[in-house]
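Take our numbering: the final residue in the sequence shown is number 605, and no numbers are missing along the way.
Even glycine gets a Cβ: it sits at the ideal position worked out from N, Cα and C.
All values derive from a computational prediction rather than experimental measurement.
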Amino acid sequence: MRRYTLKTIAKLTFSAILWLMILLFFTWNSFKPNKTKSGAKLKVFRFSPHGKAQNALPAVLHVNAIDKDAANEQKKDWHDYKAMERDNEREGLGERGSAAFLNNATLGLEQKMSLENGFNALLSDSISINRSVPDIRNMGCLNKLYLRKLPTVSIIIIFWNEYMSVLMRSVYSLINRSPPELIKEIILVDDGSDRAYLGKPLDDYIADHFTNVHVVRLPRRTGLIMARSAGARNATAEVLIFFDSHIETNYNWLPPLLEPIAMNKRTADEGQRGGFNWLMLYTRLPLLPEDLKHPTEPFKSPVMAGGLFAISSEFFWELGGYDEGLDIWGGEQFELSFKIWMCGGEMYDAPCSRVAHIYRGPRISPPIEKSREKFLLRNFKRVAEVWMDDYKKYLFQHRDGEFDQVDPGDLSAQIAQRYKLKCKSFKWYMENVAFDILKEYPPVEPADYANGAIQNLGDPNICVDTLQHKPVNKPGPYLCAENLVHPQVSQYWALSWRRDLRMRGQKVCLDVQMWTQNTPVWLWQCHGAGGNQYWSYNYNTKLLMHGINQKRCLELLPQTKELVVNLCNSTNKYMHWNFGFVNHTALQTFKTN
13 MRRYTLKTIA
23 KLTFSAILWL
33 MILLFFTWNS
43 FKPNKTKSGA
53 KLKVFRFSPH
63 GKAQNALPAV
73 LHVNAIDKDA
83 ANEQKKDWHD
93 YKAMERDNER
103 EGLGERGSAA
113 FLNNATLGLE
123 QKMSLENGFN
133 ALLSDSISIN
143 RSVPDIRNMG
153 CLNKLYLRKL
163 PTVSIIIIFW
173 NEYMSVLMRS
183 VYSLINRSPP
193 ELIKEIILVD
203 DGSDRAYLGK
213 PLDDYIADHF
223 TNVHVVRLPR
233 RTGLIMARSA
243 GARNATAEVL
253 IFFDSHIETN
263 YNWLPPLLEP
273 IAMNKRTADE
283 GQRGGFNWLM
293 LYTRLPLLPE
303 DLKHPTEPFK
313 SPVMAGGLFA
323 ISSEFFWELG
333 GYDEGLDIWG
343 GEQFELSFKI
353 WMCGGEMYDA
363 PCSRVAHIYR
373 GPRISPPIEK
383 SREKFLLRNF
393 KRVAEVWMDD
403 YKKYLFQHRD
413 GEFDQVDPGD
423 LSAQIAQRYK
433 LKCKSFKWYM
443 ENVAFDILKE
453 YPPVEPADYA
463 NGAIQNLGDP
473 NICVDTLQHK
483 PVNKPGPYLC
493 AENLVHPQVS
503 QYWALSWRRD
513 LRMRGQKVCL
523 DVQMWTQNTP
533 VWLWQCHGAG
543 GNQYWSYNYN
553 TKLLMHGINQ
563 KRCLELLPQT
573 KELVVNLCNS
583 TNKYMHWNFG
593 FVNHTALQTF
603 KTN
């Protein structure tokens with residue numbers, strides 16, 4: 013299942029923001045769907061009911077229970093073309109993922125509701141809960157056939173004080189874009205909400221509009237892990253699908269998610285090819301060359317993001333479910349990923365299954381109980397002690413003593429389960445499943461090529477400074493610190509082993525996003541993939557070059573006091589830069605490493 017990120021940005025929060033890997037579509041209108049506009053012309057729409065079918069089973073999957081030839085004959089096209097056509101005829105605010113705005117007169121209320129919810133809730137109320145969506149899948153997904161016989165699903169959505177229109181949009185999205193015969197139930201787990209509309213009004217609405225949706229209520233807020241476990245214990249279908257309460261699905265999302273599980277019950281499906289770094293933070297790994305050749309076929313993923321995934325109910329409980337000793341949230345995606353792979357299972361991303369997810373912006377949250385303040389460190393240590401074997405030392409080293417006083421609690425049940433299931437070692441996992449994590453995130457990072465202040469030689473008083481800005485903003489020139497080797501944080505840069513220019517010890521990089529004369533330089537989250545964040549340094553010419561072709565260089569514009577990138581000119585003294593410290597030995601191997 014492919015999952016996409018979304019940042020809440022100023023006034024525009026829901027419709028058509030960053031369709032990078034997930035789709036975000038929001039809908040609402042006093043809980044009443046917009047009416048289809050009669051007589052509307054059919055717009056250009058990407059579907060082909062008569063397209064050539066792709067019958068071959070994915071070569072990467074292990075077919076345990078089904079003969080391949082028989083399986084090929086048991087496939088069908090699961091698309092609901094009539095529903096797709098009806099969606100294409102809809103008109104209204106936010107339809108087909110179009111950007112939507114409200115009147116400036118409501119700005120104050122928008123900001124207040126955004127702070128309460130982490131997104132523009134007022135805009136959500138103005139868009140239909142049944143809104144149409146654009147089809148952003150790979151074109152090849154339109155012609156894919158999937159097994160006629162697929163397992164039934166229990167969809168488990170946990171929520172705490174979720175905004176009503178967002179929660180209902182999630183439910184309607186599932187109902188509207190899923191084959192009804194596959195959804196046995198949708199279980200909404202209320203994790204101790206205290207908003208009145210999530211009580212009896214929600215119960216009444218569900219009773220009036222749905223037959224296979226019901227609410228499980230927990231007496232107090234327990235956190236994601238316990239709430240999901242409660243939902244799983246109430247589920248009765250063959251497959252469990254866990255969702256957050258602010259999602260929307262794209263067309264035909266369910267069959268490609270279920271087929272790998274139908275073929276091998278010890279398979280889990282989730283979004284993106286994921287991994288982790290040694291701070292125990294989820295990261296995205298680049299697709300492997302073989303995966304890129306087959307953009308519609310499932311591919312293996314070492315670590316799930318955790319928000320959205322599907323797993324056989326039998327396999328989930330065979331693994332012991334979630335470790336309910338993990339508190340609130342965090343770490344559960346690593347624990348489940350490790351034991352899926354190490355205990356006889358597999359995990360895939362199904363790229364033709366697209367689901368949208370909102371990452372909230374800033375919002376007011378209640379304080380965490382003092383006894384649970386260090387829950388993340390406790391969760392990480394718990395996972396590391398049970399599953400990571402000797403590799404846990406790298407996590408502890410990178411956290412610089414933070415784990416020393418953290419008690420992970422009683423681990424005997426988890427250790428006994430690992431022994432009972434005859435799970436493989438973490439060394440096996442790192443070498444056979446997550447083999448490129450050590451390359452992308454080495455436990456001991458190589459030394460910087462250069463670091464310290466970046467001083468301009470055209471005006472030696474000026475250094476590159478963040479100006480106290482954070483992404484997404486521009487850095488600028490500022491008076492140099494007295495100590496160029498160890499300057500203040502805003503001037504402490506590193507030309508790292510990833511060949512990017514980042515604030516030392518942080519994930520903020522110098523980024524160039526286009527090519528024009530006097531191209532501006534931006535502060536951006538480091539992605540470690542080179543490209544628009546690739547920099548190199550020539551100690552002899554003093555040029556700080558952007559891009560692999562090394563034709564563009566960082567320049568100080570003395571008149572406007574701006575940092576820009578222009579075609580390199582070795583005679584231009586404002587393109588000459590010194591670092592506080594240069595690692596000459598490392599720099600000599602820059603091109604060969």
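Is the Cβ-Cβ distance between residue i and residue j less than 8 Å?
i	j	result
LEU579	LEU566	no
LEU479	GLY488	yes
ILE237	LEU320	no
ASN485	LEU535	yes
ASP256	PRO310	no
LEU556	TRP589	yes
GLY559	ARG510	no
LEU569	ILE474	no
ASN150	PRO363	yes
VAL225	VAL201	no
TYR158	LYS87	yes
ASP203	ILE168	no
LEU119	ALA112	no
TYR431	TYR549	no
VAL178	SER140	no
PHE392	MET292	yes
THR261	PRO272	no
SER144	TRP265	no
PHE350	LEU252	no
ALA317	GLU347	no
GLU452	LEU297	yes
TYR403	MET442	yes
Could you please give me the residues that DSSP links to residue i through a beta bridge?
i	result
TRP589	ASN468
TYR549	LEU556
GLU359	The sequence as given places Met at residue 359; Glu does not occur at that position. Looking at the DSSP assignment, MET359 forms a beta bridge with ALA280.
GLY543	Partner(s): none; GLY543 has no beta bridge.
LEU575	LEU568
ASP523	TRP534
GLY488	ASP477
MET442	Answer is none; MET442 lacks a bridge partner.
ASN493	One detail in the question is off: residue 493 reads as Ala in this sequence, not Asn. For ALA493, which the question treats as bridged, DSSP gives no partner whatsoever.
ALA322	ILE253 and ASP281
TRP505	GLY464 and MET515
HIS226	ILE199
ARG394	None; ARG394 has no bridge partner.
VAL418	Its beta-bridge partners do not exist; DSSP assigns none.
VAL594	ALA462
VAL315	GLY286
For my contact list, residue i and residue j are in at a C-beta cut-off of 8 Å; report their separation, rounded to the angstrom.
i	j	result
VAL165	ILE187	VAL165 to ILE187, Cβ: 13 Å. No contact.
ARG240	TYR334	6 Å
GLU174	HIS258	7 Å
ASP401	SER437	6 Å
LEU127	ARG375	6 Å
THR531	VAL577	4 Å
ALA274	LEU162	5 Å
ASN544	ASP523	5 Å
PRO455	TYR406	4 Å
THR308	LYS156	6 Å
What residue range does the beta strand (DSSP E) around residue i cover?
i	result
ILE352	Not the beta strand (DSSP E): ILE352 falls in the alpha helix (DSSP H), residues 344-354.
GLU567	564-569
TRP329	Note, TRP329: premise wrong, no beta strand (DSSP E); alpha helix (DSSP H) at 325-330.
ARG372	From DSSP, ARG372 is part of no beta strand (DSSP E); its letter is neither H nor E.
LEU513	513-515
In the DSSP assignment, find the unbroken alpha helix (DSSP H) run with residue i in it and report its ends.
i	result
GLN600	Premise fails: GLN600 is in no alpha helix (DSSP H) and is neither H nor E.
VAL476	Element bounds for VAL476: not the alpha helix (DSSP H) but the beta strand (DSSP E), 474-477.
LEU338	Segment: none, LEU338 is in no alpha helix (DSSP H) and carries neither H nor E.
GLN529	No alpha helix (DSSP H) contains GLN529, which DSSP labels as neither H nor E.
CYS430	Here residue 430 is Arg; the residue named in the question, Cys, does not match the sequence. Residues 424-432.
GLN500	It is not in any alpha helix (DSSP H) - GLN500 carries neither H nor E in the DSSP assignment.
LYS451	449-452
TYR406	404-410
Within the region 74-144, note down every full alpha helix (DSSP H) run reaching 4 residues or more, in order along the chain. List check, alpha helix (DSSP H) in window: 80-85, 93-101, 119-129 and 133-137.
Contiguous alpha helix (DSSP H) assignments of at least 4 residues, all confined to the region 228-312: The qualifying runs are 236-246, 266-275 and 301-304.
Ignoring anything shorter than 3 residues or poking outside the region 137-224, list the beta strand (DSSP E) runs there in chain order. The beta strand (DSSP E) runs of length 3 or more contained entirely in the region 137-224 are, from start to end of the chain, 165-171 and 195-202.
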